[in-house]
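Visitor: Sharing a structure here in structure tokens format.
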Amino acid sequence: MPDAGSRPAPGPSSVAAAFPAPPPQDEIILTTARDGDADQIVKLQYLCYQSEAELYGDHSIAPLTETVAELRAILAAGGDGRRGDAATVLVARCGWEVVAAVRGRLDGDTCRVGRLVTHPRLRRRGLASRLLTEIELHHATAARFELFTGARSVDNIRLYTRHGYQETGRAIDGGIEMIFLGRPAGTPA
Ligand SMILES: CC(C)(COP(=O)(O)OP(=O)(O)OC[C@H]1O[C@@H](n2cnc3c(N)ncnc32)[C@H](O)[C@@H]1OP(=O)(O)O)[C@@H](O)C(=O)NCCC(=O)NCCS
Numbered sequence: 001m002p003d004a005g006s007r008p009a010p011g012p013s014s015v016a017a018a019f020p021a022p023p024p025q026d027e028i029i030l031t032t033a034r035d036g037d038a039d040q041i042v043k044l045q046y047l048c049y050q051s052e053a054e055l056y057g058d059h060s061i062a063p064l065t066e067t068v069a070e071l072r073a074i075l076a077a078g079g080d081g082r083r084g085d086a087a088t089v090l091v092a093r094c095g096w097e098v099v100a101a102v103r104g105r106l107d108g109d110t111c112r113v114g115r116l117v118t119h120p121r122l123r124r125r126g127l128a129s130r131l132l133t134e135i136e137l138h139h140a141t142a143a144r145f146e147l148f149t150g151a152r153s154v155d156n157i158r159l160y161t162r163h164g165y166q167e168t169g170r171a172i173d174g175g176i177e178m179i180f181l182g183r184p185a186g187t188p189a
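Note that full-length UniProt numbering has the sequence shown beginning at 1, numbered continuously upward.
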């Protein structure tokens with residue numbers, strides 16, 4: 001009987017094969033999400049928004065409780081803005097894996113942007129910024145882009161202001177102070 005305990009330790013090459021390095025940025029492509037992506041997007045949201053839930057002491061925030069069925073309904077409704085639950089969902093895909101996502105919804109002439117997430121292992125490589133630009137390009141008829149984040153999420157606020165968004169107001173929602181930011185279309189990102 002083989003003795004597993006006496007097997008030689010794996011060499012550096014087999015370790016590298018088991019844990020491949022993150023792919024270069026140019027292997028990540030941005031596309032419109034498909035129905036079959038819903039499960040991965042919901043899981044990615046669940047992973048990514050844990051830090052926000054910790055920050056606000058609230059694990060019932062909407063991105064953590066959205067179900068695959070709810071997201072599939074949004075994907076099926078599409079992004080023409082005619083239905084309240086319609087949105088365009090964009091994903092960054094690395095092979096089979098969805099590694100980042102965002103969505104945008106037309107509300108009159110305003111595009112409401114939300115649920116921006118990047119997998120923790122691929123952060124600070126400009127993926128969220130690329131998705132922000134792409135979701136804006138997808139809503140070429142929008143006169144304005146709006147989004148919100150929690151007032152304590154200073155890293156998010158820095159990302160958005162760097163992208164040309166400016167604070168337009170604040171409100172308390174469920175005991176959490178939210179900041180609303182906007183950017184007129186056509187202004188520099
Ligand atoms: C916010 C988020 C999408 C940024 O993704 P990203 O692909 O790393 O973003 P980019 O590389 O384009 O830009 C990096 C910037 O994002 C911001 N950022 C916010 N949270 C961050 C985090 N946890 N790690 C790294 N950057 C973060 C910072 O401003 C950072 O710039 P910096 O290097 O000057 O600090 C990602 O951190 C995330 O998924 N966070 C959890 C979910 C969330 O809070 N989404 C936004 C809801 S309003």
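Virtual Cβ for every residue (Gly too), placed ideally from N, Cα, C. For clarity, every value in this text was computed on a predicted model and none was experimentally measured.
Would the beta-carbon of residue 91 fall within 7 Å of that of residue 35?
Guide: On the sequence shown, residue 91 is found 91 positions in, with the first residue counted as 1. On the sequence shown, residue 35 is found 35 positions in, with the first residue counted as 1. Not in contact: residue 91 and residue 35 (Cβ atoms no closer than 7 Å).
Visitor: Using the C-alpha atoms, what's the distance from residue 78 back to residue 103?
Guide: For the purposes of this step, residue 103 is taken as residue 103 along the sequence shown, with counting starting at 1. For the purposes of this step, residue 78 is taken as residue 78 along the sequence shown, with counting starting at 1. Using only the alpha carbons, I get a separation of about 11 Å.
Visitor: Determine the direct distance from the alpha carbon of residue 115 to that of residue 52, and round the result to whole angstroms.
Guide: In the sequence shown, the residue the question calls residue 52 occupies position 52. In the sequence shown, the residue the question calls residue 115 occupies position 115. Taking the straight line from one Cα to the other gives about 12 Å.
Visitor: Which one or two residues does DSSP pair with residue 166 in a beta bridge?
Guide: The count along the sequence shown starts at 1 and reaches residue 166 at position 166. Answer is 182, bridged to residue 166.
Visitor: Using CA coordinates, which residue listed in 58, 148, 163, 110 is at the minimum distance from residue 131?
Guide: Indexing the sequence shown from 1 puts residue 131 at position 131. It is 163.
Visitor: Work out the CA separation of residue 150 and residue 60 for me, nearest whole Å.
Guide: Counting from one through the sequence shown, the residue named residue 60 turns up at place 60. Counting from one through the sequence shown, the residue named residue 150 turns up at place 150. Approximately 14 Å between the Cα atoms of the pair.
Visitor: Please list, in chain order, all residues with a C-beta atom less than 5 Å from at least one heavy atom of ligand 1.
Guide: The filter returns 48, 52, 116, 117, 118, 123, 124, 126, 127, 128, 129, 149, 155, 156, 158, 159, in chain order.
Visitor: Would you call the CB atoms of residue 145 and residue 136 closer than 7 Å?
Guide: Residue 145 sits at position 145 when you count from the first residue of the sequence shown. Residue 136 sits at position 136 when you count from the first residue of the sequence shown. Yes.
Visitor: Looking at the strands, I want to know which residues DSSP matches up with residue 104.
Guide: Position 104 of the sequence shown, counted from the first residue, corresponds to residue 104. Answer by DSSP bridge pairing, in chain order: 88, 113.
Visitor: Using CA atoms only, rank isn't needed, just tell me which of 172, 64, 157, 119 is closest to residue 97.
Guide: Stepping through the sequence shown from its first residue, residue 97 is reached at position 97. Nearest C-alpha to residue 97: 119.
Visitor: Could you tell me if residue 154 is buried or exposed, where buried requires 16 or more neighbouring beta carbons within 10 angstroms of its beta carbon?
Guide: Looking up residue 154 in the sequence shown gives position 154. Exposed: under 16 other Cβ atoms inside 10 Å.
Visitor: Between residue 147 and residue 113, how many whole angstroms is the CB-CB distance? I'm expecting something under 8 Å.
Guide: Mapped onto the sequence shown, residue 147 falls at position 147. Mapped onto the sequence shown, residue 113 falls at position 113. Yes, they are in contact, since the Cβ atoms of residue 147 and residue 113 sit about 4 Å apart, within 8 Å.
Visitor: Using a Cβ-Cβ cutoff of less than 6 Å, which residues in the same chain neighbour residue 128 once the five nearest sequence positions on both sides are dropped?
Guide: Translated into the one-based positions of the sequence shown, residue 128 becomes position 128. So the list reads 116, 118, once near-sequence residues are dropped.
Visitor: Are there 16 or more other CB atoms within 10 angstroms of the CB of residue 81, so buried, or fewer, so exposed?
Guide: Here residue 81 corresponds to residue number 81 of the sequence shown, with the count starting at 1. Below a pLDDT of 50, predicted positions are generally treated as unreliable, and residue 81, at 49, falls in that range; no measurement from the model is reported.
Visitor: From residue 109 to residue 186, what does the alpha carbon distance come to, in whole angstroms?
Guide: Position 109 of the sequence shown holds residue 109. Position 186 of the sequence shown holds residue 186. Cα to Cα, residue 109 sits roughly 13 Å from residue 186.
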